[in-house]
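Q:
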Ligand SMILES: C[S@@+](CC[C@H](N)C(=O)[O-])C[C@H]1O[C@@H](n2cnc3c(N)ncnc32)[C@H](O)[C@@H]1O
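In the working numbering, the protein residues as written are 7 to 254.
What follows is the structure, encoded as C-alpha cells:
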C-alpha cells in the first residue's frame, strides 16, 4: 500500500519533536535554561488545590522536571508525565530510579494527543507559551478541554509580561493574567495568580506568570461571567517571588 502523505500538522510535530530532542541531547537537564532544582511554586499550587492523594494528575510538557518525583513525595498515586521529547522523559525516569515505575510516562504532542481519560489536574510549566500560532493554541486548548474534567484544576506557568520573547531558540507568547484568561476562554475561573522570577543556570532572570484556575463544572455556564472574575492588571515587577495573589 502506498504511504500516506504527511499532513502539515505531522511535519510540524516531527520538526518540534526533533527540536526538543536536540535540546535535551545537547545539554544536561540541569543546564537547560528552564531547569529549577525544586519546583517550589508548582508544588505550592498543587497543595493549594486540596486534591486528595488519589487525584489524577497530568504534567504536560513535564520534560526532565522533578515535579513528578515531588508529587510522589506528597503522596499522589496517579501521576502522568507527557512530553514530545523521549529524551526528556528518559532523563526524568532515570532520576527517579525504581520510583519511575509509579509514574505513567507518555510521549505525546499536547496539541493532538488523545489521553483517553480525564484528569483532575492539568499542570503546565513553560509549554503553553510556545504555542504562538492560532493553530497550535487551538490544538492545545482542544486537548485540554477533552482531557481535564469539568470542575478540574488547571495550573499554568508562562513567561510573564516582562519575560523573554524567545526561549530555547523558539519564539514565545508572553502573558499577563488578563491575556491568559482571555485566551483560555470563559470556561475557567481564576483562583490565584502570581509573578515569579526564575533564575536560569547561567544566572539570567526570567519573569513567569503562574496561574491556578478551575474549570467550570457546568459547560452551559461557560460563557457567563468570566470577564468579571479576571483579576486587575498584573502587579509591578521586580520582586524575586511575589506572594500568591488570590483572585478578586
Ligand atoms: C521549557 S521546557 C519545560 C519543561 C518542564 N515543564 C519544566 O518546567 O522543567 C518545555 C517542555 O515542553 C515540551 N514540549 C514542547 N512542545 C510540546 C508539545 N507540543 N507537546 C508536548 N510537549 C512539548 C518540551 O519537550 C519540553 O520538555
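Backbone N, C-alpha and C fix where the C-beta goes; we use that ideal spot for every residue, glycine too.
(1) Give me the Cα-Cα distance between residue 204 and residue 45, rounded to the nearest whole angstrom.
(2) At a cut of 8 Å, does the stretch 86-99 reach the stretch 40-57 through at least three beta carbon pairs?
(3) Taking 7 Å as the cut-off, is the beta-carbon of residue 90 closer than that to any non-hydrogen atom of ligand 1?
(4) Let's see if you can read the secondary structure: which residues bound the beta strand (DSSP E) around residue 128?
(5) Using the Cβ count rule (16 or more neighbours within 10 Å means buried), how would you classify residue 193?
(6) Just to confirm the assignment: which complete beta strand (DSSP E) runs, minimum length 3, are found wholly within the stretch 151-175?
(7) Name the residue from 157, 158, 130 and 156 whose alpha carbon lies nearest to the alpha carbon of residue 146.
(8) Measure the beta-carbon distance from residue 153 to residue 15 and round it to whole angstroms, keeping in mind my assumption that it falls under 8 Å.
(9) Closest to residue 53 by CA distance: which of 25, 79, 30 and 202 is it?
(10) The beta strand (DSSP E) spanning residue 211 covers which residue range?
(11) With DSSP run on the structure shown, which of helix, strand or coil describes residue 55?
(12) Just to confirm, does residue 134 get its C-beta within under 7 Å of one of the non-hydrogen atoms of ligand 1?
(13) Beta-carbon within less than 7 Å of residue 267's beta-carbon, same chain only, minus the 5 sequence neighbours each way: which residues are those?
A: Based on what the coordinates show:
(1) Residue mapping note: residue 204 aligns to position 198 of the chain shown, counting from 1. Residue mapping note: residue 45 aligns to position 39 of the chain shown, counting from 1. About 11 Å.
(2) no
(3) What you label residue 90 is simply residue 84 of the chain shown in a count that begins at 1. It does: the Cβ of residue 90 is within 7 Å (strictly closer) of some heavy atom of ligand 1.
(4) By 1-based counting over the chain shown, the position of residue 128 is 122. Here the beta strand (DSSP E) through residue 128 covers 125-131.
(5) Counting from one through the chain shown, the residue named residue 193 turns up at place 187. With 16 or more Cβ atoms within 10 Å of its Cβ, residue 193 is classed as buried.
(6) 154-165
(7) Stepping through the chain shown from its first residue, residue 146 is reached at position 140. The residue with the shortest Cα to Cα distance from residue 146 is 130.
(8) Position 147 of the chain shown, counted from the start, is the residue given in the question as residue 153. Position 9 of the chain shown, counted from the start, is the residue given in the question as residue 15. 18 Å between Cβ atoms; not a contact.
(9) In the chain shown, the residue the question calls residue 53 occupies position 47. Out of 25, 79, 30 and 202, 79 has the C-alpha closest to the C-alpha of residue 53.
(10) Position 205 of the chain shown, counted from the start, is the residue given in the question as residue 211. Element bounds for residue 211: 211-221.
(11) What you label residue 55 is simply residue 49 of the chain shown in a count that begins at 1. Residue 55 falls in the helix class under three-state DSSP.
(12) Your numbering for residue 134 matches position 128 in the chain shown. Every heavy atom of ligand 1 is 7 Å or more from the Cβ of residue 134, so no.
(13) An answer regarding residue 267 cannot be provided, because it is not within the stretch 7 to 254 covered by the chain.
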